[in-house]
Structure formats: structure tokens, C-alpha cells
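Asker:
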Amino acid sequence: MIGIVGMPGSGKSEFVNIALTLGYRFISMGDIVREETVRKGYPLEESGKVAQMLRDENGLDVIAILTLDKIRKTHDNKFLIEGIRGIKEIERFRNEMDFFLIGIHCSPKIRFERLKNRKRDDDHQTYEEFHKRDLRELSWGLGEALALSDVIINNNGTLEDFKENIYTVIKKYEL
1 MIGIVGMPGS GKSEFVNIAL TLGYRFISMG DIVREETVRK GYPLEESGKV AQMLRDENGL
61 DVIAILTLDK IRKTHDNKFL IEGIRGIKEI ERFRNEMDFF LIGIHCSPKI RFERLKNRKR
121 DDDHQTYEEF HKRDLRELSW GLGEALALSD VIINNNGTLE DFKENIYTVI KKYEL
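Laid out in C-alpha cells, this is it:
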């Protein structure tokens, strides 16, 4: 089981695209939050608020628990989990499965431009909104989660450089 951690716009989705070609199944913790957002009757723009409510009501590992529930239903261990936000989630995964965590680092300026171009419903268009989202995610422990990564891949360069770095890590660690 591989986990991916990184700030919004760092390149997690691109990592996923490559992992899928290598036979990994994919589960997004963000998709789980978005499903819960809709289920609770909130607009997708409020998924951050819903994620915070879930954590406040059920603990900082609640999204990891919901993710593990989905994985167990598949009876498959070759999964890539994207969207990890904190230490408690990492602890939950490491306690319940063979788990390797990959961090992706990218500068805020590059991430902001990527998010503006991505145009997903829950992405913010102003730098102030972007910065506020970063602070919220960091408050959940995302910085500490990055620090606990088994390896960190730099994604400040070209897409080709990033892909090469991904393949190098997968080969080196026999993932």
C-alpha cells in the first residue's frame, strides 16, 4: 500500500496517473470527503468545512477509517491512497497495513498556478483563498505528515522530470 501526501496542487494526481498504469488501484481521501459533503447536503465548495466537522466529531483519523472501510471491501492490497492530511491518518494506516508513504513537495507559487488552471469546484482562484486553504490543511497536520514520509519527491521542475523521479522511487523501493 502506497500513500501520497502533499499540499494542494503539488502533483499527487499526476503520481496517481502513473501508479494506475503500474496496476495500482486508487482511492482518494478527498473524494471520500466530497462524498460526505454531498451526503450531508453541503455544496462542494464547503468540503473543507465538512472535513473539519468530521474530524471534530470523530477524531483526526476519521477519513483514514472511512478509506480503510472502502479498501477492505475490495480485498486488494495494491492500493494508492491520495489525500493524506495528518499524523493520525498515517498512524492509522501504518497500524492496519503494510504502508509506504511518499511525500511530494512543490513551491507555493507553482502550486497556486496549477490550481488556478485545474479549475476543480473546490479549488480557490485568489492567492488569499489559496493561502487560507494551505493554513487549514497545515492545521490538520499536513506539514508533519510530509515530514514522516518514507521518501520525498520534488515537483518544482517539468512534468517529465517529475515522472522520471516517480519511476526512480518506485523502482528503488520496489513498490
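For the sequence shown, the UniProt record's numbering begins at 1 and goes up steadily by one.
We put the beta carbon where it would ideally sit given N, CA and C, even for glycine.
Predicted model only: the values in this text are computed from it and were never measured.
At a cut of 8 angstroms, does the region 136-154 reach the region 100-111 through at least three beta carbon pairs?
Answerer: They touch, by the three-pair rule.
Asker: Output yes or no for whether 8 angstroms exceeds the beta carbon distance between Gly9 and Leu115.
Answerer: Contact flag set, yes.
Asker: Tell whether a beta-carbon distance below 8 angstroms holds between Arg111 and Met29.
Answerer: Contact: no.
Asker: Nearest by alpha-carbon distance to Thr21: which of Lys172, Lys78, Asp134 and Tyr127 is it?
Answerer: The candidate whose alpha carbon is nearest that of Thr21 is Lys78.
Asker: Whole angstroms are fine: how far does the CA of Ile2 sit from the CA of Ile117?
Answerer: For clarity, residue 117 is Asn in the given sequence; the question names Ile instead. Answer to the nearest angstrom: the Cα atoms are 27 angstroms apart.
Asker: Taking the straight line between their C-alpha atoms, what separation do you get for Lys109 and Ile4?
Answerer: Roughly 21 angstroms separates the two Cα atoms.
Asker: What ranges does the beta strand (DSSP E) occupy inside the region 75-119, keeping only unbroken runs of at least 3 residues that lie completely in it?
Answerer: Those beta strand (DSSP E) runs which fall completely within the region 75-119 and span 3+ residues are 79-82 and 100-105.
Asker: Using the three-state DSSP reduction, which class does Ile10 fall into: helix, strand or coil?
Answerer: In the sequence on display, residue 10 carries Ser and not Ile. Residue state, collapsed to three classes: coil.
Asker: In chain order, what residues of the same chain have a beta carbon less than 8 angstroms from the beta carbon of Ser107, not counting five sequence neighbours either side?
Answerer: Asn156, listed in sequence order.
Asker: If contacts are defined as beta-carbon pairs under 8 angstroms, then Phe15 and Ile90 qualify, I think. What distance do you get, rounded to the angstrom?
Answerer: 17 angstroms between Cβ atoms; not a contact.
Asker: Around the C-beta of Asp76, are 16 or more other C-beta atoms found within 10 angstroms, so that it is buried, or is it exposed?
Answerer: Classification for Asp76: exposed.
Asker: Ignore the nearest five residues each way along the sequence and tell me which others in Leu60's own chain have a CB closer than 6 angstroms to its CB.
Answerer: For Leu60, where only same-chain residues beyond five positions count, the Cβ hits under 6 angstroms are Gly86 and Lys88.
Asker: Considering only residues of the region 132-174, which uninterrupted beta strand (DSSP E) runs meet the minimum length of 3 residues and lie entirely inside it, listed in chain order?
Answerer: Here the runs fully enclosed are 151-154.
Asker: Who are the Cβ neighbours of Thr67 in its own chain at under 7 angstroms, not counting the five residues just before and after it?
Answerer: The answer, listed in chain order, is Ile27, Met29, Ile32 and Ile81.
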